[in-house]
Structures are given as structure tokens and as C-alpha cells.
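Residue numbers (this note's numbering), protein chains in the order written: chain X, 0 to 304; chain R, 0 to 304; chain F, 10 to 259; chain U, 10 to 259. All C-beta atoms, glycine included, are put in the ideal place defined by N, C-alpha and C. The structure appears right after this line, and notes come after that.
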Ligand SMILES: Cc1cc2nc3c(=O)[nH]c(=O)nc-3n(C[C@H](O)[C@H](O)[C@H](O)COP(=O)(O)OP(=O)(O)OC[C@H]3O[C@@H](n4cnc5c(N)ncnc54)[C@H](O)[C@@H]3O)c2cc1C
Ligand SMILES: Cc1cc2nc3c(=O)[nH]c(=O)nc-3n(C[C@H](O)[C@H](O)[C@H](O)COP(=O)(O)OP(=O)(O)OC[C@H]3O[C@@H](n4cnc5c(N)ncnc54)[C@H](O)[C@@H]3O)c2cc1C
Ligand SMILES: Cc1cc2nc3c(=O)[nH]c(=O)nc-3n(C[C@H](O)[C@H](O)[C@H](O)COP(=O)(O)O)c2cc1C
Ligand SMILES: Cc1cc2nc3c(=O)[nH]c(=O)nc-3n(C[C@H](O)[C@H](O)[C@H](O)COP(=O)(O)O)c2cc1C
Ligand code: FES
Ligand code: FES
């Protein structure tokens, strides 16, 4: 059996498989299915300064080989998360988790980061910069390099833990975004978030999702995610956690070959609650079959071509 | 049976279904399968100033519900196309076609447009601006509004036919691109081109496509295409020809509901050579079922919400 | 407690045009109350990608019955499944109808909301409750399972076009027949649930539907905002909510 | 001329580990020469999305035989198809092996390149040509269809590990056995084809493979650049090219 152990800033992973933010709640819904300690780590549901109900229903639509969601960062607010959800999660998962967080202003991010990074079992923050910047007219933090750099810098200044910045794929130049946040002090990058998409009810003509647009993810986005991880992992010196469409051990290995040092698995958890442990088993089998002793051998294997 | 007839700048379409550029050659390969006069129009394989062999093999890879291609605009050059391919196509298709064209410099575009727009059976040009601008360091014409506007303006100045600009989805702000080309005089917009993606051979770690990255299209990109067509068709006053992942009459109708005045069908032709006539039949049946008498009733139906 | 299991199809028969009854056999131990649901992965391919939620119409220690209408790709596929085939399902999902110690209960179904009331009727009857059913359909030709319910309790029908029973909604039928109850249990389309919550917000249990990403509480795709500003997941805290806790408007 | 048809599977049997022979029945009228291929849509879902090209190993007026190796999702699915099932195929694709009026022909197969040579051998024999086969495999355990070919013509084998026949490549076997020919026909992996075109660029017909988007000439996904700078589609002008026209390097 190959060595799957990976060490990243703030995270000591027994294997590189991490359920992605927003598809695993705070872990409780999965504990009936399997022992969460099988996982490398867990990225918690995106947390914000204040409690948020999120968007009206419907929040979910479907696309070919994927789903569209517009949850709108529903969460109980960072203070509640630190006081309740994280301690509850600590009871069922021994390792450190990724503290995924969002915000709609610089202050939001900074205050949330200061509080969330204090939590005992948060190993690192994961800054979701795909939220619209309400104050500056709804433009996303995640689409302008300077804005992304500023939020990274301000969060780094208050965070007691390493910071991963989670990039949005809805940009012309993903490498520019990555370099901007690296420059601003990010300890790692996680990518990709969802692609903006829509579906319509053909009878009424109405967008299916109440919020009109939604984030598209699942197998359909894998080739886009692989391309972006390939480009970014070669352009920066900090580790990349890769995600987008991973639903098998084979997909996870392909993502690491593209350049990811670990992977997150999103939608797949929703379709099959056992997705993550299955992916870990499949990775083990496939690496054996490929004659690989240590997972590090495949990270960025494609870069030599 | 609903009225499917649509009139657009330079194109008089008996129905809104047009095979997309690059997936239908110059029509010859399909004439054994069905009578091309069933089609609304045809968008010819992207034509350039000079003959191009294109990229080395492999040029094709596969993704979930889609394919990746890196053909590299293989074509016999505009003079040959005007002298041979277009007259041959005129023998098997009575209507006007979309003269799809690419280029790697402003001069390329202008010279190609001047020649291609003269062809008898070209109803309008379709400017593919997803090609890298070789002179300005490989940045795509299709990702910078000012560059896109300039190429549109220069091509409009020499073209004797209406010009549709074909937008790339690999941008942060598709609406800005659309407005820029509208402002520059485009008579219509066609969208979307392919999403940049990659796949890897997990044994060797090598990118499957020799060119490394490829363009991803097929059903997987439908939600992204719908979203962009929805946004752009509301922001501009010129018609939008919508495409990206259409493989059924239902998909075509959804695209028109999103705001497209006609649709192109790409990959679906490759999997099923009868895709376009099937889509036309399915649209007819579905419109009857929906009680729609005229296809115009559904164009942009979603905009009222 | 949610659990994943594979169940073998015993029968899949068309009751009326496009409405099917499917009986499957397997491990039903995760199901604890009427009104819970299952979530079906219809094939091993990614089309459709999401699971499809279906109410449990009836169950015993080794079988489970669902009634569904063919409305799209997923239900079309479901209708084509032949006996012997095994279906991947998550079962025991959500919190169903909870007996409120009432002596008389009115069950109110709207269209495809009728199925989960079947097992509920059986359970309430076992407890000695006086049970009546009101059910609304668009038209007589959409009616199904009436004989099955008539074997259990009195049945009152409303149809929008008046082709069967009261012309109008279930509320019209309740009024016309002067139906009284200590508690009512309802499942049906959103407008019906809203009308009922307005009609009587104190004595009802309402079963909701929502487009679901997971069906077991992980994605927040189905969270409804409650009257008190809290939010509850249709798939987890629901699908059954008290008529007193739901927002009537919006 | 390319045509779409549905063919019924008659048999699908494993010859050696992971290598299957499938016989299907249907309209074979579009097939005109040995060396043409079919392109298979393996199910109605979008997984796999693309069709899968397969050489025609043998055909008559109502059946068609393919031999394939399970290497990925598509061929795995193919191996699971049971007799009676109908497969959506494009048939009569490409231009196959054309008889060059030679008196003696050497057929050269490499691994899964062997199948299309079977029908070719039969056709050449009908014309009275003296036919010999050389075939290369990695190892003895990878060999298949040797008895079938031995019923037709003399067979010479090369294996890379020497477990059967000549140790080495097909070229080693040709040299070792002093095999002469007026024309040779080859199908196999790219390195073999290149080596042969170098070995004898004047008297050969080489059958190529390429990743294909369509298989019928529409997408330019399979265009090879020829020695003279022109380009030809493996699926349309090919898969068989003259050894004199292909680029040996690059
Ligand atoms: C808790 C619950 C219980 C249900 N019980 C039943 C039942 O007993 N009988 C029955 O016929 N139907 C029931 N439904 C509705 C049923 O799930 C949908 O009709 C079905 O998912 C439609 O799938 P489709 O692929 O055929 O349609 P499509 O329109 O192709 O589905 C597209 C997407 O929309 C979702 N969707 C479509 N309609 C609905 C809906 N009404 N509610 C939720 N999601 C929807 C699908 O799940 C899918 O994600 C229930 C729904 C829920 C949430
Ligand atoms: C003209 C032609 C004739 C062929 N004849 C035979 C035959 O008789 N017997 C046989 O076993 N194989 C043959 N092949 C190869 C066969 O098409 C591939 O093995 C098959 O497509 C692999 O599909 P998969 O889904 O199992 O593998 P995957 O690796 O999952 O396929 C992924 C993608 O790569 C493509 N691909 C993978 N390997 C090849 C390859 N070697 N050539 C072309 N495309 C490939 C697939 O078509 C698909 O698009 C032929 C190929 C061509 C082009
Ligand atoms: C229902 C849902 C909710 C999500 N919520 C969040 C979130 O709160 N924060 C975040 O950074 N990403 C969120 N995401 C994005 C995922 O973490 C992930 O980046 C994306 O889904 C791509 O991975 P996948 O294709 O494996 O799902 C969410 C995705 C889904 C499907
Ligand atoms: C093999 C292939 C070749 C293509 N060549 C061109 C081209 O020459 N010019 C162009 O504008 N678009 C080209 N495209 C893009 C398509 O025209 C279309 O925009 C895209 O594939 C999305 O539509 P689809 O999802 O229906 O395929 C090509 C696409 C494919 C798959
Ligand atoms: S559907 Fe995912 S939480 Fe309810
Ligand atoms: S595979 Fe499309 S042209 Fe050959």
C-alpha cells in the first residue's frame, strides 16, 4: 500500500482526500454512514460573520453530469460555529479541519477570520473569495487580482493559522489571481469553486433557481478544474488543493498529476454519502496497480511534459 | 406545426438550427446521411488567410458528457475555401451559410473577411475571436474588450456582409465583451465557444492532447452557455445565436428561452450524424405540445422574470 | 437514521396514465414513521446526476411501496425498471408524521401528495383514531388509490373541474362535507399547503417538497425559512412541519 | 459510404484475458473493403460520450466480427454487452486495404492490430495471392487468433520476451524467416508502423489509429500530416495509407 500521507501548511493529512465545503455540512450528517477519521481532513460549510439564511428556494437545479446550487452561504454565523459546530465536529473527527469562510466586505472577512482561526480544531482557514463584494457594487472578490490580494493580506494579518485562498474559475486569467494571492501571503490555494450557470423551466420560461444563476459543479467541470490546477500549480510556489468534479480515485489521481497536493470532493458526497472513503480505497488500489509507493511521486507528474 | 422561420441579419432561416463551426466540415460528410436543406443554415469550418495543418495529434480527448478538441483551425485557406469548398457546398445546400473565420493578427482577420464575405453563398461572417493574438504575445482577441472591438471594427469596414462575433466563455465578464463588439458595429453575436480544459493519461502523467489544453464542449457546458446567453441577450440589442451543449430539441428550446434567436449545434453532430434534423423534429413536437404557434414567442421568454 | 441499501423491484405497475406503483423488497429497518422518504439513484451513469426523492406510500418489515408520476427524465427511467432489478436508495430519510394524540384525524392529500397518507392512515387506525381522507385531483382521470383508501376509511374527493366529488379544492370539500378533526395531516402541492396553513394554522402537520441536492441534510439545498426566522431542512428536520411553524406567505 | 445502423449481438466471448471477440448481425452493406472500421455508441447515456472505433475483423452479408481489448470505460462496457442487445454503430467507415495486384503478400499485425488482417487474408487468398502472416505480441500469453489464421496461411510469430516464436519485433521475425513479398499490409501500434515504413517505404499499406471525435470526417480530429505536406484524416482518407506517403518521423 502506497504512502498517502501529506503534510501541508496547518494540515497533517493521513490521506489527501478532503470533503469540500458546503457538501459536508459540519460532518454530523455523515457520521451515521462511516467513521470520519478515515478522511484526510474536512472543509466545513462556509462560515460568515453573521448568521445567514441564504437564498430563497429552489436552490438546486441539475445539469448534465452535475448540479447547480445557490445556497447563499446559509450558516449560523462564526461565533455559533466556533461555540457549537466545531466542538461537536471535534467529537467525531480527531484531525484539524479547514475553516472555510466567506464575506461580503473586507471587515466581514477580517472579523470572521480572527474568530474562526482561534478555534482549536481549525488547522487552516480557507478563504472563499467568490462572494460578491457588496460595498463595491457586487463585483466578486474572486475576479479582481487586487481585491483578492487585499482580502488575503488583511485576513493573513489577523489569522493565527495558515490561510488557503479558494479561487473562482469564472475569470479570464486564473494564474493572475493565483499569483496575486500568493504575493499577498497566502499559504496555499484551493481551487476551483463552481462555474456560474443557469437552467430554465421550459414550460414557464422561469429560471429554475430562485436566485436565477447558480454554481455548477460535479463531473462536468473536471476538465476545466484540471486545466486550471495544471496552470496554477506551475505558476506558484505554494501548494494547491485541487477540486472540481472528482468522483473516483482515478479522478483524484488525475487531479494530483495535474499538480494538486491534496484534493477536495464536493458534489460526489451528495450523490453517494460514502464517496470519500470509496475514493480513498480506489486511490490505494490504483496506486498499487500503477506501482507507486508514495503519493508524492504523482503530484505534478504532468509538469515535466 | 409552429412557425420556425427566423430572419436575422444576412440569414433567412427556415428553422433556427445551424450546425456549429468545426463540427460539420464544409457539409460534404453529412450529405450521405440527410438532405442538408433541412437545416436553417450551416456554419462552415473556421477559415483562415493561409492554409493551416493545425495541431499535432492527438487532438481529441473526452470528458464527462463532452469532448475536448485542439484541432488548431485546420483548413485549406480562404482562397481555396471560396474557390472550392463553398461552391461545392452550394450544390448540396441552397441557403446562405455563416462564414466562420479565425486569425492570429488584425491583418489576418481583415484580409480573410474581405475575401470570404464576397462568396456568393456566405450570408454573414462569424468572427471567431478565440484565437491567440500571436503578435501581442498570445493573449486571445476574445478576452480583452478593446482588442475584440478593434477586430470587429476592422472586419466590419471590409466586409460586404453582416458580421456576427463569436464570443469565448473563458472570460470574467462576458457582458463587457458583448457590449464592446456591439459598440464596434457587430450585427450579431454567436456564443459560446469552448471552455479551456485538459485531461491527463494517468499512467504516464502526460496531457492527452498534444497541444496540452483543449476546448471542452458538449452537454457538460450547457448550463454555462445558458447563463451567458441569458446575460448577454439582455445587455445588447443585436441578436444572439446561442450554442454550447445543445443535443436535443428540448435543449434548443431552453437556449432560445434564455435569449437566443437561433441555435448552433456542435458536438452532437459528431456523436450522431443525424443530430440536427432530429433536433428540428423534436423542437416541432415540443412546441406543439407546449401550444406555441410561433418560435418567436419563446425567444427570451425568461427575461420577464 | 439515514441508510443506504439496494432494494429489489417486485412490481412496477401503471395505475392510471403516467402514475405508477412500485413495490420493492429489502432492508426497511431504517424507516420509522409514515411520511419519511427515500432517495433513488436511478442508474450507475451520471444521467440523471441527482438522486430522486420519493415518499414512502407503505412499508412493512421487508417491502416498501412508492407511487410516482412520470414528469421528467428520472421518473421516466423509474417507470422503465423491470422486476428483479435492484435500486440504489437512501432510506429512512427525514422526519415523518408524528401522532399528536388526537382522537380524530383528517388526512388531506393533493395529487401525488396522496401516497404517504396511506401508511399514515393504517398507523392511526391501529391507534384507534377516527380517520377520514380528503383528496384533491385536477380531474376524475387523475384519481388513483381511492379504493385502497376506501378499504381503510371514509374518502372525500375534490376535483378542480368537478368531474368527481366536490368541484374545487380540498378546502371546499372539507367545508362542503363539514369535516371536523382534532388534527390534520396534509401532503400536496405548495399552494395547497399554504391554503391549509391559512385555513387552520394550529392543528396541522404539513409535508413539504423541495428540489434536493442530497436528501440527507448535507447541502442546505432545501432549507425553508420558518415563521420564527429559523431555518429547517425539508429533507432532515422535515419533510413534515407543524402548520404553526411555517411561513404562510413567501 | 458511412451509414448508421443497429446491429444485434450474437456472441461476445473472451478469447484470452481481456481480449474479446464479438459477432453482431445486421446490415453490413456499407462495408466494401477489409480494413474499414465501425464506430460504436456504447449506450444511450453520455458516458462514454464519444463513440468507440473498432476495426472489422471479418464480415459477410449479414454478420460482422470485431476483436477488442478491454483498456478503459468504453471497452469494459462493450465486454459486458450480452447477446440479443442491439448496438448503435456507424459502419463502412474509412478506406481499407486495397489490393495492389501483387502475387505475394505479407500481412503484418501488432497486438490488437491483428484483427482487420483476418478478412484481408481471406480476400487476398480468393484472388489467388500467396499470403503469409507475421504477428508480434508482447508475450505468449497475449497471443490470440493464431489457429484461425493458421487455417488460412503460414503464420510467423514474434514476441518481445521470446516466449513464442522469434524474440523481438515483427521486423526481426521477417528477417529471421527471410520472408519475401511483393506488397505488405500492416496494422498495429504507431512505433511498429513507423519502423515498417522505414524498413520498406515502397511496398506497404499501413493502417493507422488516432483518437477520434467523429469517425466520419467531420471534425478534423484525426488528421495526419503526410510527407508531401498535405493532410489526411485517419477516419476518412485512411485508416490505410501507403507506406510511401506517411511521414516516418514526427
Ligand atoms: C420529499 C419528497 C417526496 C416526494 N414524493 C413523491 C411521490 O411520492 N410521488 C411522486 O410522484 N413524486 C414525489 N416527489 C416529487 C419527485 O421527487 C419529482 O417528481 C421527481 O424528482 C422528478 O424527477 P424527474 O427526473 O422525473 O423530473 P425532472 O423535471 O427531469 O427533474 C429535474 C430535477 O428537478 C427535481 N424535481 C422536479 N420536480 C420536483 C418536485 N416536485 N419536487 C422535488 N424535486 C423536483 C428533480 O428531483 C431533479 O433534480 C417527491 C419530492 C420530494 C422532495
Ligand atoms: C480505426 C481504429 C480501429 C481500431 N480497432 C481496434 C480493434 O480492432 N481492437 C481494439 O481492441 N481496439 C481497436 N482500436 C482502439 C480502440 O478504439 C480503443 O481501444 C478504444 O477506443 C478505447 O476505449 P476505452 O473507452 O476502453 O478506453 P479509454 O482510455 O477510456 O478511452 C478514452 C478515449 O480515448 C480513446 N482511445 C483510447 N485508446 C485509443 C486508441 N488506441 N486509439 C484510438 N482512440 C483511443 C477512446 O476512443 C476514447 O475517446 C481502434 C482504434 C481506431 C482508431
Ligand atoms: C451545495 C454546495 C454548496 C457549496 N458551498 C460552498 C461554500 O459554502 N464555500 C465554498 O467555498 N464552496 C462551496 N461550494 C463549492 C464546493 O466546495 C466545490 O468548490 C465545488 O462544488 C467544486 O467541487 P465538486 O465538483 O467536487 O463539487 C459548494 C458546492 C455545493 C455543490
Ligand atoms: C472539433 C471541434 C472543432 C471546432 N472548430 C471550431 C472552429 O473552427 N471555429 C469556431 O468558431 N468554433 C469551433 N468549435 C466550437 C464550436 O463551434 C462550438 O462553439 C462549441 O463546440 C460549443 O458547442 P457544442 O457544445 O454544441 O459543441 C469547434 C468545436 C469542436 C468540437
Ligand atoms: S437536500 Fe441537501 S440538505 Fe436537504
Ligand atoms: S475523427 Fe473526426 S475527422 Fe476523423
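In DSSP terms, what residue i is bridged to
i	result
residue 242 (chain U)	U:232
residue 2 (chain X)	X:293
residue 131 (chain R)	R:139
residue 68 (chain U)	U:73
residue 154 (chain U)	For residue 154 (chain U), which the question treats as bridged, DSSP gives no partner whatsoever.
residue 166 (chain F)	F:144
residue 16 (chain R)	R:262
residue 196 (chain U)	U:118, U:216
residue 323 (chain X)	Residue 323 (chain X) falls outside the range modelled here, since chain X spans only 0 to 304, and no answer is possible.
residue 163 (chain R)	R:125, R:187
residue 61 (chain R)	R:66
Member of the options whose CA lies at the smallest distance from the CA of residue i
i	options	result
residue 244 (chain X)	X:238, X:236, X:92, X:253	X:253
residue 280 (chain R)	R:251, R:299, R:290	R:251
residue 261 (chain U)	R:190, R:6, R:246, R:300	Since the displayed chain U opens at 10 and closes at 259, residue 261 (chain U) lies outside it and no answer follows.
residue 213 (chain F)	F:116, F:87, F:77, F:98	F:116
residue 76 (chain X)	X:114, X:241, X:60, X:65	X:114
residue 139 (chain F)	F:17, F:100, F:157, F:161	F:161
residue 53 (chain F)	F:136, F:15, F:193	F:15
residue 273 (chain R)	R:304, R:4, R:208, R:18	R:18
residue 58 (chain R)	U:72, U:233, U:201, U:257	U:233
residue 43 (chain F)	F:91, F:100, F:77, F:34	F:100
residue 246 (chain F)	F:84, F:24, F:104, F:67	F:104
residue 207 (chain X)	X:48, X:33, X:62	X:62
residue 216 (chain U)	U:238, U:243, U:204, U:239	U:243
residue 147 (chain U)	U:186, U:159, U:163, U:172	U:172
residue 205 (chain F)	F:250, F:135, F:61	F:250
residue 122 (chain F)	F:39, F:202, F:40	F:202
Alpha-carbon spacing of residue i relative to residue j, whole angstroms
i	j	result
residue 32 (chain F)	residue 51 (chain F)	15 Å
residue 2 (chain R)	residue 80 (chain U)	49 Å
residue 285 (chain X)	residue 204 (chain R)	14 Å
residue 13 (chain X)	residue 116 (chain X)	22 Å
residue 177 (chain R)	residue 129 (chain R)	14 Å
residue 209 (chain U)	residue 200 (chain R)	32 Å
residue 74 (chain F)	residue 30 (chain F)	7 Å
residue 225 (chain U)	residue 102 (chain U)	6 Å
residue 183 (chain R)	residue 149 (chain R)	7 Å
residue 46 (chain R)	residue 99 (chain R)	6 Å
residue 65 (chain R)	residue 31 (chain R)	25 Å
residue 209 (chain R)	residue 69 (chain R)	8 Å
residue 362 (chain R)	residue 240 (chain R)	Nothing about residue 362 (chain R) can be read from this structure; chain R reaches only from 0 to 304.
residue 134 (chain R)	residue 72 (chain R)	18 Å
Note to self: Threshold first: 3 residues or longer. Then list the beta strand (DSSP E) segments lying entirely within the region 10-63 of chain F, N to C.
What the structure shows: 12-25, 28-34, 46-50
Margin query: With a threshold of 8 Å, are at least 3 pairs of Cβ atoms found where one atom belongs to the region 94-110 of chain X and the other to the region 149-160 of chain X?
Written below: yes
Item checked: Validate contact between the region 222-238 of chain R and the region 190-199 of chain X using beta carbons, cut 8 Å, 3 pairs -> yes
Check: Can at least three beta-carbon pairs, one atom from the region 10-29 of chain X and one from the region 266-283 of chain X, be found at a separation below 8 Å?
Finding: yes
Check: For the region 199-212 of chain F, which residues have a beta carbon sitting closer than 7 Å to at least one beta carbon of chain B?
Finding: The structure shown has no chain B; the protein chains it does contain are X, R, F and U.
Next item on the list: Report yes or no: do three or more beta-carbon pairs, one from the region 178-197 of chain F and one from the region 92-99 of chain F, lie closer than 8 Å?
Entry: no
Item checked: Validate contact between the region 39-50 of chain X and the region 286-293 of chain X using beta carbons, cut 8 Å, 3 pairs -> no
Margin query: Any contact between the region 165-180 of chain U and the region 72-87 of chain U? By contact I mean 3 or more CB pairs, one from each, below 8 Å.
Written below: no
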